[in-house]
Amino acid sequence: MLQINYQLRPVDLLPRLQRFWELSGRKIRLIAKQYDHSRGTPVFTVQGRYTTRGWTEWTQGFEVGSALLQFDATGETSFLKLGRQQTVALMPPHVTHFGVHDHGFNNVSTYGHLWRLMNERRIPENEWERRYYELALKCSGAVQARRWTTIRDGGYIYSFNGPHSLFVDTIRSLRALAIAHQLGHRLLGENDETISLLDRLVAHAKATATYSIRRQPTFSVAHEAIFNVPDGRYRCPNSQQGYSPFTTWTRGLAWAMCGFAEQLEFLGRCDLIEQACREVCDFYIEHAAAADGVPYWDTGAPDLHRLGDWGARPADPFNNFEPVDSSAAAIAAQGLLRFGRHTKTKTYWQAGLTALHTLLDEPYVSTAAKHQGLLLHSVYHWPNRWDYVPPGARTPRGESSLW
68 MLQINYQLRP VDLLPRLQRF WELSGRKIRL IAKQYDHSRG TPVFTVQGRY
118 TTRGWTEWTQ GFEVGSALLQ FDATGETSFL KLGRQQTVAL MPPHVTHFGV
168 HDHGFNNVST YGHLWRLMNE RRIPENEWER RYYELALKCS GAVQARRWTT
218 IRDGGYIYSF NGPHSLFVDT IRSLRALAIA HQLGHRLLGE NDETISLLDR
268 LVAHAKATAT YSIRRQPTFS VAHEAIFNVP DGRYRCPNSQ QGYSPFTTWT
318 RGLAWAMCGF AEQLEFLGRC DLIEQACREV CDFYIEHAAA ADGVPYWDTG
368 APDLHRLGDW GARPADPFNN FEPVDSSAAA IAAQGLLRFG RHTKTKTYWQ
418 AGLTALHTLL DEPYVSTAAK HQGLLLHSVY HWPNRWDYVP PGARTPRGES
468 SLW
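In structure tokens form, the structure reads like this:
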């Protein structure tokens, strides 16, 4: 259970954040200098160097967007230049990618950041540059909304697994629909049918709140919900990266926490989404996180019991039974902070600060000069054993993911 530090203030994190941004800049430059993009998009590190392995190029927006966030935080224009150049060079295929559910990750993290920076007057106003970003964002939102399965009580954006598959992490791509809708865009279908991006956003969020969360007989969050496509009926939970359909893959839980909170910020109020966000945040605090705010990779991981009362003490990234997932903690911290701010609830806000405070220090922040990662002890796909396990160990540790 997360032991919330109610005395912690944002200002208390400033020394750690200053070091974090210094390290982040070094890692971004290191990747830009050393990574060979002919091999594909960087996803996770092996012995401290980024490599690629996975289903799609879903992490490219994180790579490019990191430089833009670095500029946003530090004002160093070299990162703005890098982010702009890479957006133009690498991101156009993602704008019209019909085969994925990751438009929020890729396009909001790049075109979206640049559009926001211009709105905030962090970069000079330029009408044609603005139109370029807005066109990309409009197209991205419409393309993402086109990937649609209709069910008995609404519908959802289906995952790259096919029309039967609703992924919990797709909630974070609803940002693409939200921005496109804000820009006045709409999807046109057969015979010029006008399809509201806002309607599809709300329907997908409600489907996720209804079918990705299992409340009886025990609470869990499923990575994937499976539907019968011909009749639109829900069939069962499933998991790709978690241990089982009936346990909770903690990064999927974190995606839900952050994604629901983002949509509450956008919509203002939606009782079903707020209830779901509260449920997943409470579950993270009470059952998924260790005392310091960092979870193990799955709440039902088979050897977790061998760690004893793991929830009563800080997570141990060097144990030989089950890996922790620092990336889940980082995503969850954002979700807790967003939800705490939206609901004006101190518990969630302070829980987010507590987890973030842990991640900004050793053993999680990466200080080694040659290591390309920034946040250590992340796992990508442990069921497939894609993660690097160092000699003499039984579980992955010391590596980073790009998200």
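Counting from 68, one number per residue, gives the positions in the sequence shown under my numbering.
Where is the CB? At the ideal position from N, CA and C, for every residue including glycine.
Give me the Cβ distance between residue i and residue j, rounded to the nearest whole Å; I'm assuming they're in contact under 8 Å.
{"i": "PRO109", "j": "GLU130", "result": "6 Å"}
{"i": "ILE224", "j": "THR237", "result": "5 Å"}
{"i": "THR126", "j": "LEU469", "result": "4 Å"}
{"i": "VAL347", "j": "VAL432", "result": "Their Cβ separation, rounded to whole angstroms, is 26 Å, which puts VAL347 and VAL432 out of contact at 8 Å."}
{"i": "ALA400", "j": "GLY360", "result": "7 Å"}
{"i": "TRP322", "j": "ARG239", "result": "6 Å"}
{"i": "ASP392", "j": "TRP416", "result": "Actually they are not in contact, since the Cβ atoms of ASP392 and TRP416 sit about 22 Å apart, beyond 8 Å."}
{"i": "SER91", "j": "GLN137", "result": "6 Å"}
{"i": "LEU250", "j": "LEU204", "result": "6 Å"}
{"i": "VAL175", "j": "ALA270", "result": "Rounded, the Cβ-Cβ distance is 19 Å, inconsistent with contact."}
{"i": "SER75", "j": "THR421", "result": "Rather than Ser, the amino acid found at residue 75 in this sequence is Leu. Sure, about 6 Å apart at Cβ, within 8 Å."}
{"i": "PHE294", "j": "ARG302", "result": "6 Å"}
{"i": "HIS444", "j": "PRO430", "result": "7 Å"}
{"i": "ARG408", "j": "GLU329", "result": "In fact, because the Cβ distance is near 12 Å, the residues do not count as touching under 8 Å."}
{"i": "PHE227", "j": "VAL162", "result": "Between VAL162 and PHE227 the Cβ distance is about 17 Å, and since that is not below 8 Å, they are no contact."}
{"i": "ARG464", "j": "PRO384", "result": "5 Å"}
{"i": "PHE111", "j": "GLU466", "result": "6 Å"}
{"i": "LEU241", "j": "GLY171", "result": "7 Å"}
Quick one: residues in its chain with C-beta nearer than 6 Å to the C-beta of residue i, no 5 flanking neighbours on either side, listed in chain order?
{"i": "TRP453", "result": "ARG120, TYR447"}
{"i": "LEU97", "result": "GLN439"}
{"i": "ALA418", "result": "LEU69, ILE71, ILE352, LEU403"}
{"i": "THR177", "result": "GLY128, VAL131, GLY132, THR154, MET158"}
{"i": "ALA356", "result": "LEU69, PRO362"}
{"i": "LYS411", "result": "none"}
{"i": "HIS231", "result": "ILE293, PHE294, VAL296"}
{"i": "THR366", "result": "THR314, THR315, ALA355"}
Return the bridge partner residues of residue i from the DSSP annotation.
{"i": "THR216", "result": "TYR223"}
{"i": "TYR479", "result": "No statement about residue 479 is possible, as the shown extent of the chain runs from 68 to 470 and does not include it."}
{"i": "THR118", "result": "PHE111"}
{"i": "ILE340", "result": "Its beta-bridge partners do not exist; DSSP assigns none."}
{"i": "THR261", "result": "LEU255"}
{"i": "TRP316", "result": "ASP365"}
If you run the structure through DSSP and keep just helix, strand and coil, what is residue i?
{"i": "CYS348", "result": "helix"}
{"i": "VAL155", "result": "helix"}
{"i": "PRO384", "result": "coil"}
{"i": "VAL110", "result": "coil"}
{"i": "ALA358", "result": "coil"}
{"i": "GLU192", "result": "coil"}
{"i": "CYS206", "result": "helix"}
{"i": "VAL167", "result": "coil"}
{"i": "LEU250", "result": "coil"}
{"i": "THR275", "result": "helix"}
{"i": "LEU442", "result": "strand"}
{"i": "SER232", "result": "strand"}
{"i": "VAL432", "result": "strand"}
{"i": "LEU423", "result": "helix"}
{"i": "TRP88", "result": "helix"}
{"i": "SER468", "result": "strand"}
{"i": "PRO255", "result": "Checking the sequence shown, residue 255 turns out to be Leu, not Pro. It is a strand residue."}
{"i": "GLU130", "result": "helix"}
{"i": "TYR310", "result": "coil"}
{"i": "GLN211", "result": "helix"}
{"i": "TYR200", "result": "helix"}
{"i": "HIS448", "result": "coil"}
{"i": "THR123", "result": "coil"}
{"i": "GLN137", "result": "helix"}
{"i": "TYR73", "result": "coil"}
{"i": "VAL162", "result": "helix"}
{"i": "MET68", "result": "coil"}
{"i": "THR177", "result": "helix"}
{"i": "GLU143", "result": "coil"}
{"i": "GLY335", "result": "coil"}
{"i": "ALA321", "result": "helix"}
Excluding five sequence neighbours on each side, which residues of the same chain lie with their C-beta closer than 8 Å to the C-beta of residue i?
{"i": "ARG253", "result": "ALA209, THR261, ILE262, SER263, LEU264"}
{"i": "ILE398", "result": "ARG318, ALA321, TRP322, MET324, CYS325, TRP470"}
{"i": "GLY378", "result": "MET68, HIS354, ALA356, ALA357, ALA358"}
{"i": "ARG93", "result": "ALA436"}
{"i": "PHE146", "result": "GLY92, ILE95, ALA134, LEU135, GLN137, PHE138"}
{"i": "GLY107", "result": "THR119, GLU124"}
{"i": "ASP266", "result": "none"}
So, at 7 Å on beta carbons, what are the nonlocal neighbours of residue i in its own chain, with the 5 sequence-adjacent residues on each side left out?
{"i": "LEU339", "result": "LYS273, ALA276"}
{"i": "ALA99", "result": "LEU149"}
{"i": "PHE234", "result": "HIS168, SER226, HIS290, GLU291"}
{"i": "GLY299", "result": "THR217, ILE218, ARG219"}
Measure from the C-beta of residue i to each C-beta in chain B and report whether the shortest distance is under 9 Å.
{"i": "THR261", "result": "Protein chain content of the structure displayed is limited to a single chain, and chain B is not contained in it."}
Beta strand (DSSP E) segments (min. 3 residues) lying fully within the region 274-306: 291-295, 300-305
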